[in-house]
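Taken in order, these protein sequences are the chains called C and S. For the record, in the first sequence the residue sitting at position 223 is 1240 according to this note's numbering, with numbers rising by one throughout. For the record, in the second sequence the residue sitting at position 213 is 1230 according to this note's numbering, with numbers rising by one throughout. Reviewing the structure listed below.
2 protein chains.
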Amino acid sequence: MTVTLADVAARAQVSPATVSRVLNGNYPVAASTRERVLRAVDELDYVLNGPASSLAAATSDLIGVLVNDIADPFFGIMAGAAQNAIGEGASGRAGGEKLAVVCNTGGSPERELTYLTLLQRQRAAAVILTGGSLEDPEHMAAVSAKLTKLTDAGTRVVLCGRPLVEGDASVAALTFDNRAGARRLAEHLLSLGHRRIGYVAGPADRTTTRHRLEGHREALAAAGVAEGPTVHGPYDRRSGYDATLELLRREPSLTAVVAANDTVALGACAALRDRGLRIPEDVSVAGFDDLPFSIDAVPALTTVRLPLHEAGARAGRLAVGTEQPPPGGVTTIPAELLVRDSTARPRS
Amino acid sequence: MTVTLADVAARAQVSPATVSRVLNGNYPVAASTRERVLRAVDELDYVLNGPASSLAAATSDLIGVLVNDIADPFFGIMAGAAQNAIGEGASGRAGGEKLAVVCNTGGSPERELTYLTLLQRQRAAAVILTGGSLEDPEHMAAVSAKLTKLTDAGTRVVLCGRPLVEGDASVAALTFDNRAGARRLAEHLLSLGHRRIGYVAGPADRTTTRHRLEGHREALAAAGVAEGPTVHGPYDRRSGYDATLELLRREPSLTAVVAANDTVALGACAALRDRGLRIPEDVSVAGFDDLPFSIDAVPALTTVRLPLHEAGARAGRLAVGTEQPPPGGVTTIPAELLVRDSTARPRS
DNA sequence: TTGAAAGCGTTACCAA
DNA sequence: TTGGTAACGCTTTCAA
């Protein structure tokens, strides 16, 4: 029924071993032989059996990319960048393609672990975890244990935008300086004269939420400005909408709102519009992340631009490169402030 | 080094066959034995070897979801819905988890085929193709051939929002009525009094682009209204922005713009704002797809709401259900008009 | 209800 | 440079 490597070997009049070598291209094969094999492959329309190959080689060409929310363009950009990097890394000898797949955890710790197990089961070549993690000791320990097992089994692990787990020396990490980003964001608003700033934070138990909030408070404290109201919620649009209304209810005289990320910022803007407030004439809005579309969607948005494309690309490269082992160190990308709201100003 | 099924068997004092039966749960095993095995699995922290399992069983638990643009929330929603459906379908006996993975083709025909091959190589349990397809005969034939091979090999194939390929009876399809949706969209604008309507279309060679454009023209023709200017471009935000500026350049007196999808609509709105035009006071904007965020982002947006959540869910179910074979028929979901712009009106 | 053993399709080592 | 041939770890008849 299904064409196997042996069939190809028979047709090309060579041994299965030779066919394998041609297909993997990691072994010297005479040009004429290679051509004969390739022709047979083509004529028979042969497709390698992945599971068999993985079993024998004790590794697969699967690369898992875990994201918290696949409907959030933030993760879409990260995942896309990682896939591109992986794809270009593989371009070269045929058959060397990796299968970059994104797994949507939905922010659920259980699903995160489930996916990690599933990828472990598949003997994935690499796993890239993106986005902040739940700050629950138990869950972090569980994840850490899983990652250790993965690295022990030869799977490369890359943390992208998520803090390095203690004691995982064999894991490569790429982190964003959320604290500094938040600080500069607040400093920017302060320099514009804002004194009452509301803050729409992410979920209370996420690392990104805490770090950004800390940076925000540092800046306020340094300037001797009292902290404005803060509301927590999921990293989604609706949460931004609701939280902003709540902020305005608590303190109608706010002149600026900081959003936990751009998706949240979109919701915040919608809420302000629905309240009849103009941006940035009435209220300034500032958000994290580099979401191209939202910068345009809300022209006056102040955003801390994190070079995510590069981040994703590097994460992918770390994961794929088989020549070099993952550095096992932490690379921190400094947040870069992008000012788009020259007109933003506090209400006088 | 790594724990195998044999280790578990030894520890539980049973044969490997029994362990396998316990793990797969598809065979009668004495309660006491099962418990003993499960304990051994736990104590040894055993994780099934996916490739070995797939090789022996000639099938894997991988489900591929192909999307055109992972950074577009439209596909994020689809993929998420499919994953949810797959996840809930699997909940039950342990170990029965499917690995739902999304593959980003970036709209590239080559990458689409590459991913299809990669999934074929993995002996994927199912493949879900989402979004419109390239209308190139050669490419369609290639995809069709690949799909046939996949189904022959036992992989379930589901087309979601993409037209059924000729002669693929074993493929399940779920299509959106793009033509009717576009027609009703235009009818809606016409009923509001608009007579000069610009159209920002998708890429010229996509099925969705053509079908939507055809519906649009049908409505105009039926009403005896002359067609306005049309500009083609990719299904992204920037394209919507640029195309809208071009439309206005060609015909400054437009009173409404139809966008190929919501992402494009966001770009269109941005362009109108940058031109100093107000929505919908100066220009009405209408877009396809059901992107929750954009409905809020552009309060006056008229959108044809396609029940994608349900679509994705059903697609997932079709793909996973092992009890029932895929219907092999076409299910068309009627477009449902959602009017959100009671204030939209043509300039007088 | 359980065990024994024959594959499943590749890879990689050892010879030639 | 090529061939022969054990693994690789699991599933699945066939018997018991």
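Backbone N, C-alpha and C fix where the C-beta goes; we use that ideal spot for every residue, glycine too.
Of the listed residues S:1089, S:1135, S:1144, nearest to residue 1065 (chain C) (C-alpha basis):
S:1135
Please check the pair residue 1118 (chain S) and residue 1120 (chain C), which I expect to be a contact at CB under 8 Å, by giving their CB distance rounded to whole angstroms.
6 Å
Please state if the CB of residue 1204 (chain S) and the CB of residue 1236 (chain S) are separated by a distance shorter than 7 Å.
yes
Residue 1200 (chain C): CB within 6 Å of a non-hydrogen atom of the ligand PLP
With respect to small molecules bound, the structure shown includes none, and the ligand PLP cannot be examined in it.
Which residues, in chain order, does the segment 1040 to 1064 of chain S contribute to contact with chain C at a C-beta distance below 9 Å?
1062, 1064
Do you know how far the Cα of residue 1150 (chain S) is from the Cα of residue 1020 (chain C)?
29 Å
So which residues of chain S does residue 1093 (chain C) contact, with C-beta pairs closer than 9 Å?
1086, 1087, 1088, 1089, 1090, 1092, 1093, 1121
Uninterrupted beta strand (DSSP E) stretches inside the segment 1085 to 1173 of chain C (no shorter than 3 residues):
1116 to 1121, 1143 to 1147
Going by DSSP, name the residue or residues bridged to residue 1081 (chain S).
S:1118, S:1144
Measuring straight from C-alpha to C-alpha, what distance separates residue 1063 (chain C) and residue 1114 (chain S)?
29 Å
Could you tell me the boundaries of the beta strand (DSSP E) in which residue 1247 (chain C) lies?
1247 to 1249
Please report the distance separating the alpha-carbon of residue 1053 (chain C) from that of residue 1029 (chain C).
6 Å
Return the first residue and the last residue of the alpha helix (DSSP H) that residue 1060 (chain S) is part of.
1048 to 1061
Can you tell me the Cα-Cα spacing of residue 1278 (chain S) and residue 1051 (chain S), whole angstroms?
53 Å
For residue 1189 (chain C), list the residues DSSP reports as bridge partners.
C:1175
Exposure of residue 1370 (chain C), with buried meaning 16 or more beta-carbon neighbours within 10 Å
Here chain C has residues from 1018 to 1365 only, and residue 1370 (chain C) is not among them.
Following the continuous alpha helix (DSSP H) through residue 1227 (chain S), name the residue where it begins and the one where it ends.
1224 to 1240
Quick one: Cα of residue 1152 (chain C) to Cα of residue 1232 (chain S), how far?
51 Å
At a Cβ threshold of 7 Å, is residue 1071 (chain S) touching chain C?
yes
Residue 1116 (chain C) and residue 1078 (chain C) - do their beta-carbons sit closer together than 7 Å?
yes
C-beta neighbour in chain S for residue 1097 (chain C), strict 7 Å
yes
Report buried or exposed for residue 1023 (chain S), applying the criterion of at least 16 other Cβ atoms within 10 angstroms of its Cβ.
exposed
I think residue 1090 (chain C) touches residue 1090 (chain S), with their Cβ atoms under 8 Å apart; what is that distance to the nearest whole Å?
6 Å
For a contact defined as C-beta to C-beta under 7 Å, what are the partners of residue 1114 (chain S) on chain C?
1131, 1135
In whole angstroms, what separates the C-alpha of residue 1308 (chain C) from that of residue 1282 (chain C)?
With a pLDDT of 30 at residue 1308 (chain C), under the threshold of 50, the predicted position of this residue should be treated as unreliable, though the coordinate-derived value follows. Cα to Cα, the separation comes out at about 11 Å.
Express the C-alpha separation of residue 1154 (chain C) and residue 1055 (chain C) in angstroms, rounding to a whole number.
53 Å
Could you compute how far the alpha carbon of residue 1271 (chain S) sits from the alpha carbon of residue 1213 (chain S)?
5 Å
Hey, residue 1247 (chain C) and residue 1218 (chain C): beta-carbon distance below 7 Å or not?
yes
Considering just the uninterrupted stretch of the alpha helix (DSSP H) at residue 1221 (chain S), what are its terminal residues?
Element bounds for residue 1221 (chain S): n/a, residue is neither H nor E.
Check whether residue 1275 (chain S) and residue 1285 (chain S) have beta carbons under 7 Å apart:
no
Within 7 Å, strictly: CB atoms of residue 1072 (chain C) and residue 1069 (chain S):
yes
Strictly below 7 Å CB to CB, what residues from chain S border residue 1021 (chain C)?
Result: empty, since nearest Cβ-Cβ is about 12 Å, beyond 7 Å.
Taking the alpha-carbon positions, what's the residue 1227 (chain S) to residue 1180 (chain S) distance?
12 Å
Please list the partners that residue 1140 (chain S) has in chain C, where partner means a Cβ-to-Cβ separation under 8 Å.
1066, 1067, 1068
Anticipated Cβ contact below 8 Å, residue 1268 (chain C) with residue 1210 (chain C), distance rounded:
Their Cβ separation, rounded to whole angstroms, is 17 Å, which puts residue 1268 (chain C) and residue 1210 (chain C) out of contact at 8 Å.
Under 7 Å, Cβ to Cβ, is there at least one residue of chain S near residue 1118 (chain C)?
yes
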